[in-house]
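To start, the structure itself, in structure tokens.
Chains as they are written, first to last, in the numbering used here: chain A, 157 to 266; chain B, 31 to 148.
Rendered as structure tokens:
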């Protein structure tokens, strides 16, 4: 199972919005509404920020939103803040009864 | 409070074995999966294996199938990952995470470091 494709890096200034894409195939992202997103700070465990394509866990900021179209999912962070600077990973359930992650996207807040 | 605590990480020779433990508390395993996810130094996340607390089914990534084995000790609320035939590419931080099926992982432990090197 190949990793989902994410941009290596994205950047934005405080107050701006950014979008991170996550491209899979018709066997994972395109087949199920089971895409999730994780935020990870250096040296820390990942934190779930989006599940089942569009849902935010309790306590996650409304500035985080997500969507999916075909084989590509997207995470949008609005009103960027300094502490949004982190690595972001997408993941998807697959038709092989497994889970696949994206390669990760480093967000830099300028 | 949901908690997952990993232990057992160590430095091991190539070809060697190691057993990792994940102790869970604060929830009923019968409604969730317990999963292992690893992260090589400076690299991304990789799903390794999962245990279904609902059915007892075990799932493995192709990269570890035949070398890694999951087992569960219900009395100790612990999941074990027996790792045999270790390779340099198995080096990394191993996280234990609670899963809602294989859909998403909502709680994570802090990880345990496995280093495979001569």
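Think of the CB as a built atom: it goes at the ideal place given N, C-alpha and C, for glycine as much as any other residue.
Quick caveat: nothing in here was measured; it's all calculated off a predicted structure.
* Asked: In the structure shown, what three-state DSSP assignment does residue 61 of chain B receive?
  -> helix
* **When B/123, B/33, B/110 are compared against residue 56 of chain B, the one with the closest alpha-carbon** => B/33
* Mind listing which residues of the segment 60 to 81 of chain B have their C-beta closer than 9 Å to chain A's C-betas, in chain order? -> 65, 67, 69, 73, 74, 75, 76, 77, 80
* To do: Can you tell me which of the three DSSP states residue 68 of chain B falls into?
  => strand
* To do: Closer than 6 Å by C-beta to residue 99 of chain B: which residues in its own chain qualify, once you throw out the five before and the five after it? Chain order, please.
  => If we look at residue 99 of chain B and ignore the five residues flanking it on each side, its Cβ neighbours are 112.
* chain A residues whose Cβ lies nearer than 9 Å to that of residue 140 of chain B -> 200, 201
* Under the assumption that residue 255 of chain A contacts residue 247 of chain A (Cβ atoms under 8 Å), give the Cβ distance between them as a whole number of angstroms. => 6 Å
* Simplified DSSP state of residue 215 of chain A, which is helix, strand or coil -> coil
* So residue 227 of chain A packs on residue 180 of chain A, CB below 8 Å; how close in whole Å? -> 5 Å
* Within the same chain, show all residues whose beta-carbon is closer than 7 Å to that of residue 81 of chain B, passing over the 5 residues directly before and after it, in chain order. => 63, 64, 88, 100, 102, 109
* To do: Return the chain-ordered ranges of every alpha helix (DSSP H) run that is complete within the segment 63 to 148 of chain B and spans a minimum of 4 residues.
  => Counting only unbroken stretches of 4 or more residues, no alpha helix (DSSP H) element lies wholly within the segment 63 to 148 of chain B.
* If you run the structure through DSSP and keep just helix, strand and coil, what is residue 184 of chain A? -> coil
* Asked: In the segment 252 to 263 of chain A, which residues sit with their C-beta less than 8 Å from some C-beta in chain B, listed in chain order?
  -> Within the segment 252 to 263 of chain A, the residues whose Cβ lies closer than 8 Å to some Cβ of chain B are 253, 254, 255, 256, 257, 258, 259, 260, listed in chain order.
* Asked: Under the three-state reduction of DSSP, which class applies to residue 208 of chain A: helix, strand or coil?
  -> coil
* Asked: Mapping DSSP to helix, strand and coil, what is residue 54 of chain B?
  -> strand
* **residue 32 of chain B: first and last residue of the uninterrupted beta strand (DSSP E) it sits in** => Residue 32 of chain B -> no beta strand (DSSP E), and no H or E assigned at all.
* One or two residues paired with residue 224 of chain A in a DSSP bridge -> A/229
* Name, going along the chain, the residues of the segment 200 to 219 of chain A whose beta-carbon falls closer than 7 Å to a beta-carbon of chain B. => 201, 202, 204, 207, 208, 213
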